[in-house]
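Undergrad: Shown below is the structure under consideration.
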Amino acid sequence: MALTQTKLDATEARLAGLCLPAGPAWLTEAREGALARLRAMGLPGRGDEYWKYTRPDTLVAPEVTKAALFETEEACVFGEVDRLQIVFVDGVFDAAASDDLTGEGIEISRLADVAADIHWAKDLYGVLETNGQDPVERPLAALNSAFATDGVLIRVTGTVSKPVNLTYFHRSETSDAILHHVVKLEEGAELTLLENGPAAARFNKVLEVEVADKARFHHIRTQGRDHERRAATHIFARLGAESLFKSFTLTANGVMTRNECVIELTGDDAVAHVAGACMGDGDFHHDDTVFITHDAVNCESRQVFKKVLRNGATGVFQGKILVKEGAQKTDGYQISQSLLLDDDSQFLAKPELEIYADDVACSHGSTSGAIDETALFYLRSRGVPEDQATDLLVQAFLAEAVDEIEDEGLRDEIVGRLQGWLQRRRG
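For the sequence shown, this note's numbering begins at 13 and goes up steadily by one.
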């Protein structure tokens, strides 16, 4: 279908200030293909089905809306974890702050440094993103594949003993960062990838992950705590037989956050879990959009998303499980819930199931409500102050999502961040 003139004009206005980064022939070809896809679909508008709950205006505008720097000092997330740290400042790699990009069972290189005509990422860069455009168009991801200036390319050949930590710092009020990461786990390999930080005034990120047979990928991400940041992130993953993919995201504050996750289970007995916990206060809009496709036998997927909202904050969840013909023995679970701490906040949900196999166990549910007054009264009657009692109930509400983190130490780190947010809320 031809683009409307309004969408065409908006797309060309955004592209006018951009140029394709230089690179080897295969990367240039991938970027040109992404640009062609973007021009064919146009940047998102409020009239698009998957953007009806979220205004994309500030994510697609030619100019970046200023985002004041968050000056409050706090301990770095994952700072106590033994990890390999890779630092980006406003989308620019910081070699001085980063660790040596080497490790046993892992190869790491920068997208900006790729010059070879033969590279393992040739078969993946933009490929999973392209697959993820059907049946739902994801134009901001195509924009990323075309214009990403940097990122990391990670190939895992064994079990990596310590996590890789991508840390993003925001130092400029008008920074507009576009990063593209590619991760490939070979058969039987295992990696934990950590991400944290606000990244930029406006941030567009794509993470493409291929998990081969019997490989295991763990992803834990925190977004915050800048109050004025805007971000659109995308995860595209493809899973082989008996593989595992687990991703958890904690989001606190920010004006606009849109996290998309597109997963294909293509090998039998694969497992994919995606979870998120977000806490929003005031001028806060948070959107989780998830699409999981089952295309193999005896696979399991879980979507667990919890949002705590107050002072007019808005939460959105759009989640779909697609079970293709022949994907028998599928176990698909989806839950999205919000806890509204006042009458001004809202939660908008669109859960979906589309099933073409007859031997499956799939369920989805979505609820929204206030603090349980009976539970609150029970705690207060036993001497717990109201603020502390409310915090305990909020933590209990978020627990199902947080429990998706397998590593106990990393789970404790996330719980500590949750407790910190709740304490600041009371202040």
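Ideal Cβ positions, reconstructed from N, Cα and C, are used throughout, including at glycine.
Model, not experiment: these values are computed from the prediction.
Let me know the secondary structure DSSP gives residue 194 once reduced to three states.
TA: strand
Undergrad: Which term fits residue 159, buried or exposed, when burial requires 16 or more other beta carbons within 10 angstroms of its beta carbon?
TA: buried
Undergrad: Go to residue 207, then tell me how far its beta strand (DSSP E) extends in each direction, as first and last residue.
TA: 202 to 208
Undergrad: Taking 8 angstroms as the cut-off, is the CB of residue 55 close to at least one heavy atom of the ligand MN?
TA: Only the bare structure without any ligand can be found here, which leaves the ligand MN out of the picture.
Undergrad: Just how far apart, CA to CA, sit residue 427 and residue 290?
TA: 12 angstroms
Undergrad: Three or more beta-carbon pairs under 8 angstroms between the stretch 206 to 219 and the stretch 120 to 132, yes or no?
TA: no
Undergrad: Roughly how many angstroms separate the alpha carbons of residue 143 and residue 235, rounded to a whole number?
TA: 26 angstroms
Undergrad: Find the nearest neighbour of residue 83 within the set 57, 62, 184, judged by alpha-carbon distance.
TA: Checking every option, the nearest Cα to that of residue 83 belongs to 184.
Undergrad: Step through the CB atoms of chain C and report whether any lies within less than 9 angstroms of the CB of residue 407.
TA: Protein chain content of the structure displayed is limited to a single chain, and chain C is not contained in it.
Undergrad: What first and last residue would you give for the beta strand (DSSP E) that runs through residue 440?
TA: Coverage of the chain is limited to positions 13 through 439, which leaves residue 440 absent and any answer about it impossible.
Undergrad: May I ask which residues mark the beginning and end of the alpha helix (DSSP H) holding residue 49?
TA: 37 to 53
Undergrad: So residue 26 packs on residue 55, CB below 8 angstroms; how close in whole Å?
TA: Cβ atoms of residue 26 and residue 55 come within 8 angstroms of each other, at about 6 angstroms.
Undergrad: Counting beta carbon pairs with one atom in the stretch 408 to 419 and one in the stretch 352 to 361, are three or more of them shorter than 8 angstroms?
TA: no
Undergrad: Is the beta carbon of residue 351 closer than 9 angstroms to that of residue 377?
TA: no
Undergrad: Please list the segments of the beta strand (DSSP E) lying wholly inside the stretch 268 to 342, counting only runs of 3 or more residues, in order along the chain.
TA: 268 to 277, 283 to 293, 297 to 306, 312 to 322, 326 to 335
Undergrad: If contact is defined by three or more beta carbon pairs under 8 angstroms, each pair taking one atom from either stretch, is the stretch 225 to 240 in contact with the stretch 66 to 74?
TA: no
Undergrad: Note down, in chain order, each residue of its chain lying with its Cβ closer than 6 angstroms to the Cβ of residue 198, except the 5 sequence neighbours on either side.
TA: 169, 224
Undergrad: Alpha carbons only, please: which of 120, 176, 191 is nearest the one belonging to residue 155?
TA: Considering only 120, 176, 191, the residue with the shortest C-alpha distance to residue 155 is 191.
Undergrad: Once the 5 residues before and after residue 138 are set aside, which same chain residues still bring their CB inside 7 angstroms of it?
TA: Counting only Cβ-Cβ distances below 7 angstroms, and skipping sequence neighbours, we find 42, 45, 46, 157.
Undergrad: Identify which residue in 59, 221, 243, 267 has its Cα closest to the Cα of residue 275.
TA: 221
Undergrad: Identify whether residue 74 lies in helix, strand or coil by the three-state DSSP scheme.
TA: DSSP places residue 74 outside both helix and strand once states are collapsed to three, so it counts as coil.
Undergrad: Please name the residue, chosen from 205, 226, 379, 24, that lies closest to residue 247 on a Cα-to-Cα basis.
TA: 205
Undergrad: Less than 9 angstroms between the beta carbons of residue 280 and residue 308, yes or no?
TA: yes
Undergrad: Buried or exposed for residue 375, going by 16 or more other Cβ atoms inside 10 Å?
TA: exposed
Undergrad: Between which two residues does the alpha helix (DSSP H) carrying residue 19 extend?
TA: Where residue 19 is concerned, the enclosing alpha helix (DSSP H) stretches over 17 to 27.
Undergrad: Hey, quick one: how far does the beta strand (DSSP E) through residue 360 stretch, first residue to last?
TA: 358 to 367
Undergrad: Is the CB-CB distance between residue 174 and residue 51 below 9 angstroms?
TA: no
Undergrad: In three-state terms, what does DSSP make of residue 372?
TA: strand
Undergrad: Are residue 182 and residue 163 close, meaning C-beta to C-beta below 9 angstroms?
TA: no
Undergrad: Taking only runs that begin and end inside the stretch 117 to 164, name each unbroken beta strand (DSSP E) of 3 or more residues, in chain order.
TA: 118 to 122
Undergrad: Look up residue 236 in the DSSP assignment and say whether it is helix, strand or coil.
TA: Residue 236 carries a coil assignment under DSSP once its states are collapsed to helix, strand and coil.
Undergrad: Taking the beta carbon of residue 366 as the centre, do at least 16 other beta carbons fall within 10 Å, making it buried, or is it exposed?
TA: exposed
Undergrad: So what's residue 260 in DSSP terms, helix, strand or just coil?
TA: strand
Undergrad: Quick one: what does DSSP say residue 90 is sitting in, helix, strand or coil?
TA: coil
Undergrad: When you compare only the Cα positions, how much space is there between residue 277 and residue 298?
TA: 26 angstroms
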